[in-house]
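In my numbering, the protein residues as written are 32 to 119. No residue lacks a Cβ here, since even glycine has one placed at the ideal position from N, Cα and C. Small disclaimer: the values here were computed from a predicted structure and weren't measured.
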Amino acid sequence: MKAIITVVGKDRTGIVAGVSSKIAELGLNIDDISQTVLDEFFTMMAVVSSEEKKDFTELRNEFEAFGNTLNVKINIQSAAIFDAMYNI
Numbered sequence: 032m033k034a035i036i037t038v039v040g041k042d043r044t045g046i047v048a049g050v051s052s053k054i055a056e057l058g059l060n061i062d063d064i065s066q067t068v069l070d071e072f073f074t075m076m077a078v079v080s081s082e083e084k085k086d087f088t089e090l091r092n093e094f095e096a097f098g099n100t101l102n103v104k105i106n107i108q109s110a111a112i113f114d115a116m117y118n119i
């Protein structure tokens, strides 16, 4: 299973640490990660994977709830769907 995680919100200390910890807690591996701060806004994109099949609805709910605790918006989607959206 391969997925894309995006994180957007107002910058503050601990976002990368918190999201990375949640990724590990859910049994996902970070294959690639990029983050930047534009003015006062934080953005992050991570490619994650797992040897095991994961339920995307469950993962989406977990990340949405966790994002609320950090005051950021976290989204996860299948890498295959992401590729289909952006590759013709």
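The C-beta of GLY58 has fewer than 16 other C-beta atoms within 10 Å across all chains shown, which makes the residue exposed. By the criterion of at least three beta-carbon pairs nearer than 8 Å, the segment 102-119 is in contact with the segment 35-46. Per DSSP, reduced to three states, the secondary structure at LYS53 is helical.
If you check the CB distance, VAL78 and ALA110 come in under 8 Å. If you draw a 10 Å sphere on the C-beta of ILE112, you find fewer than 16 other C-beta atoms in it, and that means exposed.
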